[in-house]
Amino acid sequence: MSQLAKAKAGSVPVNPLQIGRNPRRTWRIVLEIFTIFLFILFMIPFAMVVVNSAKTSREIIYNAMALPSDWGQLWTNISLIFNNPTVDYFGAFIDSVAITVISLLVIVVFSSMAAWVLVRSHKAWAMWIFMIFVAAMVIPFQVLMYPLVRWMRVLGDFIGIRLLGTIPGIVFAYLGFGSSLSIFIFHGFVKNIPYELEEAATIDGCSQQRIFFQIVFPLLQPIILTVLILNGIWIWNDYLLPLLVLGSNGVVQTIPIAVTAFAGAYLKQWDLILTSALLAIIPVIILYLFAQRYIIKGMVEGAIK
Amino acid sequence: MNNKRIINILFLLPVVFAFLMIIVVPFFFGLYYSFTDWNGISPTANFVGLRHYARLFTMPNFLHSFVITVAFTLINVILVNVVSFILSLIVTSDLRLRNFYRAGFFVPYLIGGIVLGYIWQFLFNNILVSVGQNLSIGILQTSFLSRPETVIWAMSTVNTWQYAGYIMLIYVASIQSIPASLMEAAEVDGAPYLSRIRHILVPMMANAFTISLFLTLTHSFKQFDMNFTLTNGGPANRFMGAPVKASQLLAMNIFDTATANKMAEAQAKAVVLFVTLVVVALIQVAVNKKKEVEM
Chain A
1 MSQLAKAKAG
11 SVPVNPLQIG
21 RNPRRTWRIV
31 LEIFTIFLFI
41 LFMIPFAMVV
51 VNSAKTSREI
61 IYNAMALPSD
71 WGQLWTNISL
81 IFNNPTVDYF
91 GAFIDSVAIT
101 VISLLVIVVF
111 SSMAAWVLVR
121 SHKAWAMWIF
131 MIFVAAMVIP
141 FQVLMYPLVR
151 WMRVLGDFIG
161 IRLLGTIPGI
171 VFAYLGFGSS
181 LSIFIFHGFV
191 KNIPYELEEA
201 ATIDGCSQQR
211 IFFQIVFPLL
221 QPIILTVLIL
231 NGIWIWNDYL
241 LPLLVLGSNG
251 VVQTIPIAVT
261 AFAGAYLKQW
271 DLILTSALLA
281 IIPVIILYLF
291 AQRYIIKGMV
301 EGAIK
Chain B
306 MNNKRIINIL
316 FLLPVVFAFL
326 MIIVVPFFFG
336 LYYSFTDWNG
346 ISPTANFVGL
356 RHYARLFTMP
366 NFLHSFVITV
376 AFTLINVILV
386 NVVSFILSLI
396 VTSDLRLRNF
406 YRAGFFVPYL
416 IGGIVLGYIW
426 QFLFNNILVS
436 VGQNLSIGIL
446 QTSFLSRPET
456 VIWAMSTVNT
466 WQYAGYIMLI
476 YVASIQSIPA
486 SLMEAAEVDG
496 APYLSRIRHI
506 LVPMMANAFT
516 ISLFLTLTHS
526 FKQFDMNFTL
536 TNGGPANRFM
546 GAPVKASQLL
556 AMNIFDTATA
566 NKMAEAQAKA
576 VVLFVTLVVV
586 ALIQVAVNKK
596 KEVEM
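Line by line, the protein sequences give chains A and B. Take the first sequence: its position 257, counted from the start at 1, is 257 in my numbering, and no numbers get skipped. Offset between the second sequence (1-based) and my numbering: plus 305.
Spelled out as structure tokens, the structure:
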């Protein structure tokens, strides 16, 4: 019988160096303490943001580590940000929500439609289109960003819809950038849906569009979650694309742009910068608290794909 | 059948159109501009051939950015994967609060690089310095962000803190797909914990390592947001006898070049970034695939 198995059975200690009677138990306690230590290390930055958001600039310079003398200062700082004349924080929040939600909707519907057609058309062209979409994922944003801005201006003039500085413009850009990964993920999922279901519906005289929207689309539900979360985290936090398409002081803003505008206008005024960071974090954390299970699940699914 | 063909086209149209307009056309324009003297202002661009490319490899600021980006990427590939592997072992252990820890370690990934950069700038410049002064610890008294030799490590710390939770989830998914009986059998046979990990877990996770290495590699190589708000390239340093920015990674070098209206030069740098990424990623995937087979 092995050492570990003996120890597990609760017999005499097999190794004089072992502190406890049961090595598994000692190991567990060490692991537990190590984990708690790591966890605190991971959370310290957030704690520092919260603590220092409730201080005045002078308090922070005097002692950044101390707890705030008056937590009421947090509300003062928050209201300073909301009533700020240079940065419309609330407006940026609304725009961020609108851009993220509309982009996600468009990406999910159009990418799943395209992926379905690409899977069900067993032709060479379908494979080629799919391969091109996948290959495009390696193109770094830096290669595209400046020509893109110039091209969006030309294209906008041509079709008569302003694309730069508007929500339709940036949603269109997100559809382009988000399509590769989304089609890739949907493609892998649709492949595993049995074709018999659609075949039967075709024989019954069901049109193609109805087959997709009434039979296939509902079946995609678990993978839609993954697509939503992967794209959602990216779009919500994205900085360079909104900066280039919307401009740093355009009519439409996003939260990351507002935060940088704030930090640029109030250089080293950490009370305001940290409070604005806190306000950017809070909505994400609230959403995470409610949808934690789905977010983790969606990320894990996306990771295996 | 005709209806089917029309529907196929209609279903593909929106995504293909957006893809063509947003990715394909700008991509080819981007390649083209790198061979011109485009400055972003004048409407015309003259063809200048390979001039920018030839100059790039004699420019200290570009070579410096390239070197530190490679260093930053190497540090991160190791650091992120080691930390996230340890995290994944913790959150798949039998700790009572494992799901709580898993959720917590993932939180930094949800917060964008822009916001994180400011938070960590504060931590490095104010909190750590103030700890150093209060406890009289010499190395903490000047910020890690203000010294050229430490700033890359500071950025790597932040990057690891942000990205480890995400890579952890990939490892967790992989660990959970390994039959538990395999590990239990080895345990009963008396294999110590570490050798169980080395000889059973790691080989079974080969696929997850391929994905994770690929993701950390490309993510670090393209890093911009955190770089932008954490250091904005600073502090000043010297390289090949010329002044450079000590933490100006490639993506930021491109951004700064374009901000100075040297659009064509920025475009050439971006193309070099693209080609490097493709080559490195292809090599990495090929090597890992070979390893996967061997294991």
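Built from N, CA and C at the ideal position, the CB exists for glycine as well. If you're wondering where the values come from, they're calculated on a predicted model, not measured in any experiment.
- For isoleucine 60 of chain A, the chain B residues whose Cβ falls inside 9 Å of its Cβ are Phe427 and Asn431, in order along the chain.
- In the structure shown, the three-state DSSP call for threonine 341 of chain B is strand.
- At a cut-off of 7 Å between C-beta atoms, tryptophan 270 of chain A counts as an interface residue with respect to chain B.
- In this structure the segment 183-195 of chain A touches the segment 217-231 of chain A; the number of beta carbon pairs closer than 8 Å is three or more.
- Of A:Trp116, A:Lys297, A:Ala66 and A:Ile44, the smallest CA-CA separation from threonine 226 of chain A is found for A:Lys297.
- Residue nearest to valine 585 of chain B within the set B:Ile480, B:Phe322, B:Ile505 and B:Val375 is B:Val375 (criterion: CA-CA distance).
- Contact check for leucine 506 of chain B against asparagine 532 of chain B fails: the beta carbons are separated by 7 Å or more.
- Within chain B, no C-beta atom comes less than 7 Å from the C-beta of isoleucine 78 of chain A; the nearest is roughly 16 Å away.
- When C-beta atoms of the segment 374-388 of chain B are compared with those of the segment 239-248 of chain A, fewer than three pairs fall below 8 Å, so the two segments do not count as touching.
- When C-beta distances to chain A are compared with 8 Å, the residues of the segment 339-350 of chain B below that value are Gly345, in chain order.
- Listed along the chain, the chain A residues whose CB falls inside 8 Å of the CB of methionine 568 of chain B are Tyr146.
- Shown here for valine 119 of chain A: same chain residues with a beta carbon closer than 7 Å to its own, the five before and five after excluded, namely His187, Val190 and Lys191 in chain order.
- Cβ-Cβ distances below 8 Å link isoleucine 107 of chain A to Tyr174, Leu175, Gly178, Ser179, Ser182, Val227 and Asn231 in the same chain, with the five nearest sequence neighbours on each side left out; the list follows chain order.
- Burial is judged here by how many other beta carbons sit within 10 angstroms of a residue's own beta carbon; arginine 25 of chain A has fewer than 16 and is exposed.
- Neighbours of glutamate 199 of chain A across chain B, judged by C-beta separation under 8 Å, do not exist; the nearest C-beta is about 13 Å away.
- When only Cα atoms are considered, proline 85 of chain A and phenylalanine 262 of chain A end up about 11 Å apart.
- Taking 7 Å as the cut-off, the beta carbon of serine 479 of chain B is found closer than this to the beta carbon of alanine 513 of chain B.
- Per DSSP, reduced to three states, the secondary structure at proline 194 of chain A is coil, with no helix or strand assignment.
- Of the candidates B:Phe334, B:Ser370, B:Asn313 and B:Asn307, the residue whose Cα lies closest to the Cα of alanine 551 of chain B is B:Ser370.
- Using a Cβ-Cβ distance cut-off of 8 Å, the segment 336-347 of chain B and the segment 563-574 of chain B are in contact, since at least three pairs of beta carbons, one from each stretch, lie closer than that value.
- Beta-carbon to beta-carbon, tryptophan 270 of chain A and asparagine 431 of chain B are separated by about 7 Å, close enough to satisfy the 8 Å threshold.
- The alpha-carbon separation between valine 382 of chain B and isoleucine 516 of chain B amounts to approximately 12 Å.
- Within chain A, the C-beta atoms nearer than 8 Å to that of arginine 407 of chain B come from Ile296, in chain order.
- Here the segment 33-49 of chain A makes contact with the segment 415-433 of chain B; the two share three or more CB pairs at distances below 8 Å.
- With a cutoff of 7 Å on beta-carbon distance, valine 251 of chain A and serine 276 of chain A are scored as not near each other.
- Residue-level contact check: asparagine 84 of chain A does not touch chain B, since none of the beta carbons of chain B fall below 7 Å from its beta carbon.
- Annotated as distal: leucine 315 of chain B and valine 117 of chain A, with beta-carbon spacing of 7 Å or more.
- Just so you know, the alpha carbons of glutamate 489 of chain B and leucine 402 of chain B end up roughly 22 Å apart.
- In the three-state reduction of the DSSP assignment, alanine 54 of chain A falls in the coil class, being assigned neither a helical nor a strand state.
- Taking a Cβ-Cβ cut-off of 7 Å, the neighbours of glycine 176 of chain A in chain B comprise Ala323, Phe324, Met326, Ile327 and Ile328, given in sequence order.
- Interface with chain B (7 Å Cβ-Cβ cutoff): glutamine 253 of chain A is excluded.
- Here the alpha carbon of glutamine 528 of chain B sits roughly 24 Å from the alpha carbon of leucine 104 of chain A.
- With contacts defined by Cβ atoms closer than 7 Å, tyrosine 468 of chain B and valine 385 of chain B form a contacting pair.
- Close partners of aspartate 530 of chain B in chain A (Cβ separation under 9 Å): Asn237, Asp238, Tyr239, Leu240 and Pro256.
- For proline 548 of chain B, the beta-bridge partners assigned by DSSP are B:Arg543.
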